[in-house]
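Worksheet: one structure, shown below.
Residue numbers (the numbering used here): 3 to 146.
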């Protein structure tokens, strides 16, 4: 993830230097950072070896690092003066699924014993988040 976050940052700088809009670049990085992991989480349900599972999870984390060049810096784009507050609010909201997810995973595993279903739900949440981002995100300054 460390390596891929730096690769994504380099790509962002190149795209911005070539004249792409901040909004387009943020949406591209977020798409890679969410649709990529969604694909590998979907695929992980059908793995047949631990090596394959570890490889897929590395892809999830590596591609997920691209989201750091999407949403994670977007607070500075939309409200430089309030970036800390915006990050705090969005980060707080982002932890709620993590809290619920632990309990939901336990219920799913108790009821079905299916890790495939757990990964499918996680994949679906990534896709949902990416679609919402593509529809509503902007890289233009919104706040002062």
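A virtual CB, placed ideally from N, CA and C, is assigned to each residue, including glycine.
Here residue 120 is buried: its Cβ has 16 or more other Cβ atoms, across all protein chains shown, within 10 Å. Closest in C-alpha terms to residue 140, from the list 47, 42, 62 and 81, comes 81. Beta-carbon to beta-carbon, residue 66 and residue 96 are separated by about 13 angstroms, too far to satisfy the 8 angstroms threshold. In terms of Cβ geometry, residue 92 and residue 47 do not form a close pair [threshold 7 angstroms]. DSSP places residue 32 inside the alpha helix (DSSP H), whose first and last residues are 24–46. Residue 27 sits close to residue 18, with the two beta carbons spaced by under 7 angstroms.
Listed in chain order, the non-local C-beta contacts of residue 107 below 6 angstroms within the same chain comprise 120, local neighbours out to five positions each way being set aside. Around the beta carbon of residue 130, fewer than 16 other beta carbons lie within 10 angstroms, which makes this residue exposed.
By the neighbour-count criterion, in which 16 or more other beta carbons inside 10 Å mark a residue as buried, residue 15 falls on the exposed side.
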